[in-house]
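2 protein chains.
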Amino acid sequence: MYGLIGKINATTGNRDSLAAILIKGVSGMPGCLSYVVANDPTSPNSLWITEVWESQDAHRASLSLPSVQQAITEGRPMIAGFGERHETVPLGGHGLVASTSKV
Amino acid sequence: MYGLIGKINATTGNRDSLAAILIKGVSGMPGCLSYVVANDPTSPNSLWITEVWESQDAHRASLSLPSVQQAITEGRPMIAGFGERHETVPLGGHGLVASTSKV
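Heads up: the sequence lines are chains A and B, in that order. So the first sequence is numbered by our numbering: it starts at 1 and just counts up by one. So the second sequence is numbered by our numbering: it starts at 104 and just counts up by one.
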């Protein structure tokens, strides 16, 4: 498995809108086992994104999906920048479930 | 929802054993929507733990579960220390599923 933990900083006042776009855009991605969008309670504009994928290739491929491309297009103007970013190697746990593909 | 992102540093050579104890110990926790144990590929002894709970109370209550108490007892000698720790407010996404309680 392949994982990512990262922080996105929204432009002022746009965190909720950006989160909604991300949550909508990432449903049904093949090979995605977990994708959680969370507010950072210590920073009014920051989101934490935690992801688990079957493989790094599955993550890479997702970036070409129409739904993800649309989310990127809609969300990009609301992104002020990116914070820390960590790759992980998930081993197991609870809440790792295959997506139901939209295709 | 209530979330945690944190790093645990295992004693040398014990990361795999500690991860196995955590993965086994955390199944079936009431109110747990996601709990992922992952290796940190940049550090041979570090684990990333990402958690989503229905509430902070559900997380707190989990610490009293027999399965979690046992995991703490078994795992504690393998823990060298804790790294960064972030509380989050999860909003949604994929892979948030209620546990099937062991009770």
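Just so you know, even glycine gets a beta-carbon here, dropped at the ideal spot from N, CA and C.
Check each candidate in the options and name the one with the smallest Cα separation from residue i.
| i | options | result |
| --- | --- | --- |
| A/Thr88 | B/Ala141, B/Glu157 and B/Ile124 | B/Ala141 |
| A/His86 | B/Gly131, B/Tyr138, B/His189 and B/Pro144 | B/Pro144 |
| A/Val68 | A/Thr12, A/Ile23 and A/Tyr2 | A/Ile23 |
| A/Ser64 | A/Val26, A/Ile21, A/Ala10 and A/Pro90 | A/Val26 |
| A/Val97 | A/Gly81, A/Gly28 and A/Ile21 | A/Gly28 |
| B/Gly116 | B/Ala174, B/Leu194, B/Met104 and B/Pro147 | B/Pro147 |
| A/Ala80 | A/Thr11, A/Tyr2 and A/Met1 | A/Thr11 |
List the residues of chain A that residue i touches, going by C-beta distances under 7 Å, in chain order.
| i | result |
| --- | --- |
| B/Leu194 | Ala19, Ile23, Val37, Ala38 and Asn39 |
| B/His197 | Val26, Ser27, Cys32, Ser34, Tyr35 and Ser99 |
| B/Ile171 | Residue identity differs from the one stated: residue 171 of chain B is Val in this sequence, not Ile. Residues of chain A passing the Cβ test: none, with the nearest at roughly 13 Å. |
Grab me the residues of residue i's own chain with a C-beta within less than 7 Å of its C-beta, minus the 5 sequence neighbours each way, in chain order.
| i | result |
| --- | --- |
| B/Ser120 | Met181 |
| B/Val206 | Any reading at B/Val206 needs caution, since the residue's pLDDT is 41, under 50, leaving its predicted position unreliable; the model's value is listed next. Excluding sequence neighbours, B/Val206 sits near nothing in its chain. |
In the DSSP output, what is residue i paired with across the bridge?
| i | result |
| --- | --- |
| B/Val200 | DSSP output for B/Val200 lists no bridge partner at all. |
| B/Leu195 | Checking the displayed sequence, the identity of residue 195 of chain B turns out to be Gly instead of Leu. In DSSP, B/Gly195 forms a bridge with A/Val37. |
| B/Ile124 | Its beta-bridge partners do not exist; DSSP assigns none. |
| A/Thr50 | A/Ile5 and A/Val36 |
Short of 6 Å in beta carbon distance, which residues of its chain neighbour residue i, apart from the five on each side in sequence? Order them along the chain.
| i | result |
| --- | --- |
| A/Gly93 | none |
| B/Gly134 | Trp156, Glu157 and Ala161 |
| A/Val36 | Thr50 |
| A/Ile72 | none |
Who are the neighbours of residue i on chain A, taking C-beta pairs under 9 Å?
| i | result |
| --- | --- |
| B/Glu190 | Asp40, Pro41 and Thr42 |
Closer than 8 Å by C-beta to residue i: which residues in its own chain qualify, once you throw out the five before and the five after it? Chain order, please.
| i | result |
| --- | --- |
| A/Gly95 | Ser34 |
So which residues of chain A does residue i contact, with C-beta pairs closer than 8 Å?
| i | result |
| --- | --- |
| B/Trp151 | Gly3, Ile5, His86 and Thr88 |
- Query: Is there contact here, the region 53-62 of chain A with the region 156-166 of chain B, by at least three beta-carbon pairs under 8 Å?
  - Reply: no
- Query: Between the region 147-154 of chain B and the region 105-120 of chain B, do at least 3 Cβ pairs fall closer than 8 Å?
  - Reply: yes
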